[in-house]
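In short: position in the sequence shown from 1, add 49, done, that's this note's numbering. Below is one structure, written out as structure tokens, with a few remarks after it.
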Amino acid sequence: MIDAAPLLEGRGIVKRYGELVVLDGVDVRIGEGDAVGVVGPNGAGKTTLLGVLAGSVPATAGTVRLRGDDVTRLGPDARCRRGIGRAHQVPRPFGGMTVFENTFVGASAGARLRGRAAYARVIEVLELCGLAELANRRADSLGLLHRKRLELARALATAPAVVLLDEIGAGLTDAEADELVATIRELRRQRVAIAWIEHIVHVLVQGA
Ligand SMILES: Nc1ncnc2c1ncn2[C@@H]1O[C@H](COP(=O)(O)OP(=O)(O)OP(=O)(O)O)[C@@H](O)[C@H]1O
Ligand SMILES: [Mg+2]
Numbered sequence: 050m051i052d053a054a055p056l057l058e059g060r061g062i063v064k065r066y067g068e069l070v071v072l073d074g075v076d077v078r079i080g081e082g083d084a085v086g087v088v089g090p091n092g093a094g095k096t097t098l099l100g101v102l103a104g105s106v107p108a109t110a111g112t113v114r115l116r117g118d119d120v121t122r123l124g125p126d127a128r129c130r131r132g133i134g135r136a137h138q139v140p141r142p143f144g145g146m147t148v149f150e151n152t153f154v155g156a157s158a159g160a161r162l163r164g165r166a167a168y169a170r171v172i173e174v175l176e177l178c179g180l181a182e183l184a185n186r187r188a189d190s191l192g193l194l195h196r197k198r199l200e201l202a203r204a205l206a207t208a209p210a211v212v213l214l215d216e217i218g219a220g221l222t223d224a225e226a227d228e229l230v231a232t233i234r235e236l237r238r239q240r241v242a243i244a245w246i247e248h249i250v251h252v253l254v255q256g257a
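Right, dumping it as structure tokens:
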């Protein structure tokens, strides 16, 4: 029997900025429903790796495949529509828009849902991320925990097959991080594959 292609695969990923070699031949395979943790010190290249997988950082060399298709030359928007979601290390909401509207962008532009289907997706994701009560709040009025949750909600609204999480637990209290871990566990039950960067290793271990 021939093995099916992994959901998301990076092979021989190299990223250089001038003389600085940030990634030097990195291989990564993420299968359907997998949870892969990435740990490493500051400046190790973790965010750069997620950027290469998500399409926001062009690799110097190497290939990225999604379900066997070469997506190396596709930008982040096209990769998002094919199923790669990303939550950034520094949350990037549209500040002047509400929590609902921000999440709606993910459902419409990312998952390409319309009308009731988009609305239903937003509600489901906001409930999962503990944001339903804040749906009408402007994103720029949120504190760190809720901005982190919104970053996750926006990624999930795009209906990703794999979601790339960049330190969504960083800066949170233990109790707040535990709440996020519960959300991640639910994602795993839904068979969403996860690649998760986190400095706080015990948070990663709990979520696995
Ligand atoms: N656009 C860029 N131009 C030049 N150097 C960059 C650029 N982006 C990142 N770097 C450098 O690449 C290295 C890796 O950065 P990266 O942000 O991927 O690390 P990280 O592992 O995510 O770190 P942290 O744990 O602090 O988030 C660092 O030395 C950083 O200064
Ligand atoms: Mg980083």
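All residues carry an ideal CB built from backbone N, CA and C; glycine is no exception.
For the pair Phe-153 and Glu-225, the Cα-to-Cα distance works out to about 25 Å. Across the structure, Arg-65 and Gly-59 are spaced so that their CA atoms are roughly 16 Å apart. Runs of the alpha helix (DSSP H) lying entirely within the region 184 to 235 and spanning at least 4 residues, in chain order: 193 to 206. Arg-203 has its alpha-carbon roughly 20 Å from the corresponding atom of Leu-123. Rounded to the nearest angstrom, the gap between the Cα atoms of Arg-165 and Glu-173 is 12 Å. Annotation for Leu-69 indicates a beta carbon within 7 Å of some heavy atom of ligand 1.
According to the DSSP assignment, Val-77 belongs to the beta strand (DSSP E) that extends over 69 to 79. Taking non-hydrogen atoms of ligand 1 into account, the C-beta of Thr-96 is found less than 7 Å away from one of them. Judged by their CB atoms, Leu-177 and Val-148 are not nearer to each other than the 8 Å cut-off. Within the region 136 to 172, the alpha helix (DSSP H) runs of at least 4 residues that lie entirely inside it are, in chain order, 148 to 154.
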